[in-house]
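To keep things clear, I will list the structure first and then write my remarks on it.
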Amino acid sequence: MRPVRIARPKGTRDFEPEEMRARRWLEEFLRERFQSYGYEEVLTPTFEHARLFEEKSGEEILEEMYVFEDKKGRRLALRPEMTAPVVRMYNDSLKTRPHPLKLCYFVNCFRYEQPQRGRWREFWQAGVEVIGSSEPEADVEVIELTHGIFDDLLPSDAFETRVGHLGILRGLLEEHGIGEEKQNKVAHLVDKGELDEVREVLPEDAAERVLQIVTAESVDEVEEAISGAEPAEEALENLLTISDQLKEAGVDHELDFSVARGLDYYTGMVFEIHVPELGGGSQCAGGGRYDTLVRDLGGPDVPAVGMAIGFDRLLMALKVYDRIPEDAFEETRALLIPLVKSGKVWEVARELRELGWVVDVEVSGKNIRKALSMADAKGYDYAVIIGERELEGGYISVKNLETGDQEEVPLDEIERAAEV
RNA sequence: GCCGCGGCAGCUCAGCCUGGUUAGAGCGCCGGCCUGUGGAGCCGGUGGUCCCGGGUUCAAAUCCCGGCCGCGGCCCCA
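The opening residue of the first sequence carries number 90 in the numbering used here; numbering runs sequentially from there.
Next comes the structure, spelled out in structure tokens:
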């Protein structure tokens, strides 16, 4: 057969061993953090029925979705995000558990976009969802949890937390008799900063009030813009309650009435965390309240709030700020060099591994010089030599590759190998 | 989807503007000096569909067109 070389698909990445170490380290950090708050990990299929996302995800996401037909003609999609699948799973099998339910996940997602810095077609999200509480405390916890992760991993001036509330906009538009679909459209325009367009879409009085909110520099201005529109006033109050609690909890943040977010299912508080140093793709986390999604996907009328961290972007930020620990996986690593063919080699390897060592057995027949050279190149801590002499004498030769010291360690005191 | 820059050895790149022997360098890898002792040094070797396709030409890594991929930006998002 003629050899062919197939390239990696556009927007995807290979991860080499060094990169995987850093990724595993961060993944474990996030998992442990989520679990320490009582969130339990779930996993859903990589693909779902396309309709799951088409119902409530919003136009932009749909245009970027990987949709395909399977052999039976079912329309499926690679998940572009994780909230809808978690809600689907909740409606399928979790809704009878004690509420509120706290769930977390770590998964790859797919979007057909033009790749650039911080943006890939396959990327990873780590997130949480709280299903079954409409109280501001739930919003506060989700923001506090997210903020705390960034605060522990990055310098405090490296990131910004912005909190807004879609209920203000939605509530106001509702007062003007404007339906959900148009609300979504306005939210998108606001998100894009296309404020002139807002005027074209809305009646003049509504448009004026929306623009006043979005460009507001103080809470007072917003209050003025929405006065008389009761749902919007309640939303603002809700946002201020959340903000006050965040302040008391020491969570540094700013209010931003233009945070709209591109997902149509958000109904209340919305927030984003940015790392400005990353440039274009600076948004590293985002989330908010979605009180109607569970019902809209055929489940009970249950409120929910959640967030997702852009895993790859967070890792990028950690690299920029040099915050990836070198010794994240501290372990003793040894090359076992057999100079004879003997089953004893495997026995010794096993015993050393029981001590917690990583033991790489040299299996390519290298002579001792070559083997030591390779152990050095791989950065190992020890070389363990087993030859004729060792077999006859009942010991192993353990060489510390950093100091160059070498000692004979009797087989029945093998734990002394670590002292060399 | 749009704009800009790029693609040559495993890696980083020179050569391209001004077409012309056998396409180079450094690093890496393999081996020797060195038959049971690494890192340094010296010597040698290994290395390439010059991204793909088409065009111009006596002749293309080099010029032109298209595509693919990468990087950066816009938009949006994570």
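Where a beta carbon is used, it is the ideal one built from N, C-alpha and C, also for glycine. As the structure is a computational prediction, the values presented were derived from the model and not from experiment.
Would you grab the beta carbon distance between ALA173 and LEU151 for me? Rounded to a whole angstrom, and I think it's under 8 Å. In the first sequence, the residue the question calls residue 173 occupies position 84. In the first sequence, the residue the question calls residue 151 occupies position 62. Taking C-beta atoms under 8 Å as the contact rule, ALA173 and LEU151 fail to qualify, at a distance of about 12 Å.
When burial is assigned at 16 or more other CB atoms within 10 Å of the CB, is GLN523 buried or exposed? One cannot answer for residue 523 here, as it falls past the ends of the chain, which runs 90 to 509.
Beta carbon of THR133 nearer than 8 Å to that of ARG259: The residue labelled residue 133 in the question sits at position 44 within the first sequence. The residue labelled residue 259 in the question sits at position 170 within the first sequence. Not a contact, by the Cβ cut-off of 8 Å.
Please identify the residue among PHE360, GLU481 and ILE474 whose C-alpha is closest to the C-alpha of GLU496. The count along the first sequence starts at 1 and reaches residue 496 at position 407. Answer by Cα proximity: ILE474.
Looking only at its chain, what residues have a beta carbon closer than 8 Å to the beta carbon of VAL279, apart from the 5 residues adjacent to it on each side? As a first step, residue 279 must be located in the first sequence, where it is residue number 190. For VAL279, where only same-chain residues beyond five positions count, the Cβ hits under 8 Å are LEU258, VAL287, VAL299, VAL303, SER347 and ALA349.
Within the continuous alpha helix (DSSP H) that includes SER125, where are the two ends? The count along the first sequence starts at 1 and reaches residue 125 at position 36. Start and end: 106–125.
Distance CB(GLU366)-CB(ALA247) smaller than 8 Å: For the purposes of this step, residue 366 is identified with residue 277 of the first sequence, where counting begins at 1. For the purposes of this step, residue 247 is identified with residue 158 of the first sequence, where counting begins at 1. Contact: yes.
Give a yes or no on whether the C-beta atoms belonging to LYS488 and ALA472 are separated by under 8 Å. In the first sequence, the residue the question calls residue 488 occupies position 399. In the first sequence, the residue the question calls residue 472 occupies position 383. Yes.
Compare the Cα-Cα distances from PRO427 to each of GLU143, LYS336 and VAL448 and report the closest residue. Taking the first sequence and counting its residues from 1, the one referred to as residue 427 is at position 338. Residue VAL448 is the option with its Cα nearest to PRO427.
Identified DSSP bridge partners for ARG378: In the first sequence, residue 378 corresponds to position 289, counting from 1. According to DSSP, which records beta bridges pairwise, ARG378 is partnered with VAL394.
Report yes or no: do the segment 192–208 and the segment 230–248 share at least 3 C-beta pairs separated by less than 8 Å? Because the criterion of three Cβ pairs below 8 Å is not met, the segment 192–208 and the segment 230–248 do not touch.
Going straight from the alpha carbon of GLU319 to that of GLU312, what length do you get? Residue numbering aside, residue 319 sits at position 230 when the first sequence is read from its first letter. Residue numbering aside, residue 312 sits at position 223 when the first sequence is read from its first letter. Just so you know, the alpha carbons of GLU319 and GLU312 end up roughly 11 Å apart.
Using only the alpha-carbon positions, how far apart do ALA297 and GLY127 sit? Position 208 of the first sequence, counted from the start, is the residue given in the question as residue 297. Position 38 of the first sequence, counted from the start, is the residue given in the question as residue 127. For the sequence presented, residue 297 should be read as Glu rather than Ala. Whole-angstrom Cα-Cα distance: 44 Å.
GLU420 lies in the beta strand (DSSP E); which residues open and close that run? Start at 1 with the first residue of the first sequence, and residue 420 comes out as number 331. GLU420 -> no beta strand (DSSP E), and no H or E assigned at all.
Have a look at GLU440 and ILE503 and give me their C-alpha separation to the nearest angstrom. If you number the first sequence from 1, residue 440 lands on position 351. If you number the first sequence from 1, residue 503 lands on position 414. For GLU440 and ILE503, the distance between alpha carbons rounds to 8 Å.
Output the distance between the C-alpha atoms of VAL452 and ARG412, rounded to the nearest integer angstrom. Within the first sequence, residue 452 is the residue found at index 363, counting from 1. Within the first sequence, residue 412 is the residue found at index 323, counting from 1. The straight-line gap from Cα to Cα measures roughly 37 Å.
At least 3 beta-carbon pairs within less than 8 Å: the segment 360–374 vs the segment 384–402: Touching, yes, given that three or more Cβ pairs across the two stretches are closer than 8 Å.
Take GLU361 as the anchor and find which of ASP353, TYR354, GLY368 and GLY377 has the nearest alpha-carbon. As a working mapping, residue 361 is identified with position 272 in the first sequence. In this structure, GLY377 is the residue among ASP353, TYR354, GLY368 and GLY377 with its C-alpha nearest to the C-alpha of GLU361.
Do TYR179 and ILE220 count as a contact pair if the criterion is CB distance below 8 Å? The count along the first sequence starts at 1 and reaches residue 220 at position 131. The count along the first sequence starts at 1 and reaches residue 179 at position 90. Contact: yes.
Am I right that THR250 and HIS342 are in contact with their C-beta atoms under 8 Å? What's the rounded C-beta distance? Reading the first sequence from its first residue, position 161 is the one you call residue 250. Reading the first sequence from its first residue, position 253 is the one you call residue 342. Confirmed, Cβ separation roughly 4 Å.
Could you spell out where the beta strand (DSSP E) holding ILE475 opens and where it closes? The residue you call residue 475 lines up with position 386 of the first sequence. ILE475 -> beta strand (DSSP E) spans 471–475.
With which residues is LEU165 paired in a DSSP beta bridge? Reading the first sequence from its first residue, position 76 is the one you call residue 165. Per DSSP, HIS138 and PHE157.
Taking only three categories from DSSP, how would you classify VAL514? The chain is shown only over 90 to 509; residue 514 falls outside these bounds and no answer can be derived.
Sub-8 Å separation of ALA305 and ILE267 beta-carbons: As a position in the first sequence, residue 305 is number 216, starting the count at 1. As a position in the first sequence, residue 267 is number 178, starting the count at 1. In this structure, ILE267 does not lie closer than 8 Å to ALA305 by Cβ.
For the alpha helix (DSSP H) holding SER486, just list the boundary residues, first then last. Position 397 of the first sequence, counted from the start, is the residue given in the question as residue 486. Bounds of any alpha helix (DSSP H) do not take in SER486; it lies within the beta strand (DSSP E) bounded by 484–489.
Could you check the C-alpha separation between LEU328 and ALA166 for me, to the nearest Å? Translated into the one-based positions of the first sequence, residue 328 becomes position 239. Translated into the one-based positions of the first sequence, residue 166 becomes position 77. C-alpha separation (whole angstroms): 35 Å.
Residue range of the alpha helix (DSSP H) that includes ARG439: Residue 439 sits at position 350 when you count from the first residue of the first sequence. Where ARG439 is concerned, the enclosing alpha helix (DSSP H) stretches over 433–443.
Who are the Cβ neighbours of VAL509 in its own chain at under 8 Å, not counting the five residues just before and after it? Counted from its first residue, the first sequence places residue 509 at position 420. Excluding sequence neighbours, VAL509 sits near TYR471, VAL487, LYS488, ASN489, ASP494, GLN495, GLU496 and VAL498.
Euclidean distance between Cα positions of ALA338 and VAL217: In the first sequence, residue 338 corresponds to position 249, counting from 1. In the first sequence, residue 217 corresponds to position 128, counting from 1. Computed Cα separation, rounded: 20 Å.
Do you know offhand how far ARG113's Cα is from TYR469's? Here residue 113 refers to the residue found at position 24 when the first sequence is read from its first residue. Here residue 469 refers to the residue found at position 380 when the first sequence is read from its first residue. Straight through space, the alpha carbons of TYR469 and ARG113 are spaced by roughly 21 Å.
So what does DSSP say about LYS99, is it helix, strand or coil? As a first step, residue 99 must be located in the first sequence, where it is residue number 10. In this structure, LYS99 counts as coil in the three-state DSSP scheme.
Rounded C-alpha distance that separates THR492 from LYS459: Reading the first sequence from its first residue, position 403 is the one you call residue 492. Reading the first sequence from its first residue, position 370 is the one you call residue 459. Cα to Cα, THR492 sits roughly 19 Å from LYS459.
Any heavy atom of the ligand COA closer than 7 Å to the CB of VAL287? You won't find the ligand COA in this model; it holds no ligand whatsoever.
If we count the other Cβ atoms within 10 Å of its Cβ and call it buried at 16 or more, is TRP435 buried or exposed? Translated into the one-based positions of the first sequence, residue 435 becomes position 346. TRP435 should be labelled exposed.
Drop a sphere of 10 angstroms on the beta-carbon of LYS145, count the other beta-carbons inside from all chains shown, and report buried for 16 or more, exposed for fewer. Mapped onto the first sequence, residue 145 falls at position 56. LYS145 is buried by the Cβ-count criterion.
Opposite GLY268 in the DSSP bridges: which residues? Locating residue 268 in the first sequence gives position 179, where the first residue counts as 1. GLY268 is not bridged to any residue.
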